[in-house]
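Here the structure comes first, spelled out in structure tokens, and everything after it is commentary.
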Amino acid sequence: MASPGEISPIARWRNRLWPIHAYELKKILPLLFMKFFISFTYGVLTTMKDAAVVTAKGSGAEVIPILKGWIVLPIALGATLLYSKLANLFRRSVLFYGIISFFMAFVVIYGFVLYPNLDALSPHASADWILNKIGTQNSHWVAIYRNWIPSLFFVVAELWGSIVIFLLFWGFVNHICNFNEAKRCYNMFIAGGDLAQMFTGPLVCFFTGRYIAEHFHLALQDLVCVVLFFGAMIMGLHFLLTRKILKDERLYQPEEKIGLETKTKLSLLQSIKFIAKSPYLRWIAIMVIAYGLTMNLTEVTWKANLKLAYPEQAAYTSFMANVSSWVGVCSFTITLFFSGLFIRSRSWLFCAQIPPIVIGLTSLTFLTLFLNPEWLRIFSRFGTPLMLIVLFGAFQNISTKVMKYAFFDSTKEMAYIPLDMESKVKGKAAIDVIGSRLGKSGAAWIQIVLIQMVGTGSVLSITHALIPIIGCTVAFWIFSVRSLNKEFSKKKLTLENTTAKTS
Numbered sequence: 001m002a003s004p005g006e007i008s009p010i011a012r013w014r015n016r017l018w019p020i021h022a023y024e025l026k027k028i029l030p031l032l033f034m035k036f037f038i039s040f041t042y043g044v045l046t047t048m049k050d051a052a053v054v055t056a057k058g059s060g061a062e063v064i065p066i067l068k069g070w071i072v073l074p075i076a077l078g079a080t081l082l083y084s085k086l087a088n089l090f091r092r093s094v095l096f097y098g099i100i101s102f103f104m105a106f107v108v109i110y111g112f113v114l115y116p117n118l119d120a121l122s123p124h125a126s127a128d129w130i131l132n133k134i135g136t137q138n139s140h141w142v143a144i145y146r147n148w149i150p151s152l153f154f155v156v157a158e159l160w161g162s163i164v165i166f167l168l169f170w171g172f173v174n175h176i177c178n179f180n181e182a183k184r185c186y187n188m189f190i191a192g193g194d195l196a197q198m199f200t201g202p203l204v205c206f207f208t209g210r211y212i213a214e215h216f217h218l219a220l221q222d223l224v225c226v227v228l229f230f231g232a233m234i235m236g237l238h239f240l241l242t243r244k245i246l247k248d249e250r251l252y253q254p255e256e257k258i259g260l261e262t263k264t265k266l267s268l269l270q271s272i273k274f275i276a277k278s279p280y281l282r283w284i285a286i287m288v289i290a291y292g293l294t295m296n297l298t299e300v301t302w303k304a305n306l307k308l309a310y311p312e313q314a315a316y317t318s319f320m321a322n323v324s325s326w327v328g329v330c331s332f333t334i335t336l337f338f339s340g341l342f343i344r345s346r347s348w349l350f351c352a353q354i355p356p357i358v359i360g361l362t363s364l365t366f367l368t369l370f371l372n373p374e375w376l377r378i379f380s381r382f383g384t385p386l387m388l389i390v391l392f393g394a395f396q397n398i399s400t401k402v403m404k405y406a407f408f409d410s411t412k413e414m415a416y417i418p419l420d421m422e423s424k425v426k427g428k429a430a431i432d433v434i435g436s437r438l439g440k441s442g443a444a445w446i447q448i449v450l451i452q453m454v455g456t457g458s459v460l461s462i463t464h465a466l467i468p469i470i471g472c473t474v475a476f477w478i479f480s481v482r483s484l485n486k487e488f489s490k491k492k493l494t495l496e497n498t499t500a501k502t503s
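So that you can map any letter, position 444 of the sequence shown is 444 in our numbering, and since no number is skipped, the others follow by simple counting.
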């Protein structure tokens, strides 16, 4: 039994699992639910976008590198440039509501106008003519043109992850939270996203299971209505926070007298130049690019195998939904019981090195098993070699995303806190949107070049060349973490000393 003044073991564990003060609940809970709805929306969109493009007519996993490398990246660059311009003209809240409303409008048009008329709006005749001219080895290029509607949906869903999650949500959180709150609360926000992932699979499977494959558009429209509800909740929570809750000075103390609605002044070009001149921001950018490169080089190979195992869109969608649910379950468990404790008790360096080590090992193991399927014979009673590859690829994909949600996102966001306000807003915009896209697009360009060099048109034929690339990327990722840690420790100490003097 604890002596007077001593904290009991039960209270100590309660504080570790829920380190939130009572007066902070009205700030933390809305942010937690906001992250829940944003991640839930992303999970639904991601599940639908992959199935839409991979299982479309004449398509396959090979279209994903093209979409990410040649279409998503330029649009993401343009979106970031537009955001930087608009940030100089409009208040933060106006940008937030406008961007969310744009995404909601597109989802409605896709679900109720474009997808129901997919065959009528798809240029199959001209696509067949082009395919006859350039050869079947380039069919993945033609598939983008043939299936422009699913491809457009893929692009918008990708932008939701880059713009809404990283730019809008985490930019807002970094603006209203200090370093002490970040250590206690960031893993809680990530856990909220993990909890959303847990429900993504059952929700998608419920709606897709209500209709036969021929009526898949009805399931899609049901999911669109769910996404609209999530969008309304996101905007409502943001309004509640900015207009009501953050008026409490205990919950928000603006630095340098910069308010919630202050416009920013640094242009995108200036922010990119600033990143180039700042070693601190460069190391963060390398971390983001390395994660995207490693994940996407591995993921496309897995999705190519998944297409072979589940060629129908409904079955592919259901499998991806189940994977999403397992990501949520594992991430929520690790975030709630391990990552938060590690971040508060261990060093930033220790936690930031966990993702590259785990992701690197699982990626290299998966690709090696794919190249040596005979090693899986001892597990033949559990399924065919193809199914075992698909299942281990799912395990690798789950591990990668768990590491991202449990450790990578929180340590990366913590690294922004010691920076000045302009660097937080514009530097973060350039790194999280452009850097993230460069990682994914870099993987896409590597895959496209290798596919063209091999000449088979299949992403599975280049797997052997991906192993050394991933190995070097992971090694450089770890080096960037160690280099950033030196600067981060100095800036954090300076920030803590400044806070102590002003308090």
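Beta carbons: idealized from backbone N, C-alpha and C, even for Gly.
Is residue i near residue j, with beta carbons less than 9 Å apart?
i      : j      : result
Met453 : Ile234 : no
Ile359 : Ser399 : yes
Met188 : Ile28  : yes
Phe408 : Ile343 : no
Leu237 : Val107 : no
Lys412 : Ala475 : no
Ile448 : Thr298 : no
Phe338 : Leu195 : no
Val459 : Val300 : yes
Phe169 : Ile71  : no
Ala61  : Leu386 : no
Ala519 : Trp348 : Here the chain has residues from 1 to 503 only, and residue 519 is not among them.
Val173 : Leu308 : no
Sorted by chain position, which residues of the same chain lie with C-beta nearer than 7 Å to residue i's C-beta, five sequence neighbours on each side aside?
i      : result
Leu493 : none
Thr473 : Ala290, Leu293, Thr294
Leu260 : For Leu260, the predicted structure reports a pLDDT of 49, less than 50, and the residue's modelled location is therefore unreliable. The matter cannot be settled from this model.
Phe382 : Leu388
Gly161 : Tyr42
Thr200 : Phe40, Gly43, Val44, Thr47, Ala321, Ser324, Ser325, Gly328
Phe207 : Ala219, Asp222, Leu223
Trp141 : Ile66
Lys49  : Phe153, Phe154, Ala157
Within the same chain, show all residues whose beta-carbon is closer than 6 Å to that of residue i, passing over the 5 residues directly before and after it, in chain order.
i      : result
Ala191 : Phe332, Thr335, Leu336
Asn484 : It is worth fixing the name first, because residue 484 is Leu in this sequence and not Asn. Same-chain partners within the cutoff: Trp283.
Arg437 : Leu73, Ala76
Leu152 : none
Gly328 : Asp194, Gln197, Met198
Pro150 : Ala52, Val53, Ala56
What residue range is occupied by the uninterrupted alpha helix (DSSP H) comprising residue i?
i      : result
Leu246 : Taken as a continuous stretch (DSSP letters only), Leu246 belongs to no alpha helix (DSSP H), as it is neither H nor E.
Phe112 : Premise fails: Phe112 is in no alpha helix (DSSP H) and is neither H nor E.
Asp50  : 25-54
Arg437 : 436-454
Gly171 : 171-176
Asp128 : 124-134
Ile75  : 73-87
Asp409 : 409-416
Ser399 : 385-403
His21  : No alpha helix (DSSP H) holds His21; DSSP gives it neither H nor E.
Val63  : 63-66
Ile149 : 148-159
Who are the near neighbours of residue i in its chain, counting only those whose CB is closer than 8 Å to its CB and skipping five residues on each side?
i      : result
Ile20  : Ile28, Arg184, Cys185, Met188
Ala304 : Gly60, Ala61, Glu62, Ser458, Val459, Leu460
Phe112 : Gln221, Val224
Subject >> Unbroken stretches of the alpha helix (DSSP H), 4 residues or longer, contained in the segment 300-350 >> reply: Segments of the alpha helix (DSSP H) lying fully in the segment 300-350: 313-334, 340-345.
**OP:** Could you pull out every unbroken alpha helix (DSSP H) segment of at least 4 residues lying fully inside the segment 182-220, listed in chain order?
**Re:** Look at the segment 182-220 and you find no whole run of alpha helix (DSSP H) that is 4 residues long or longer.
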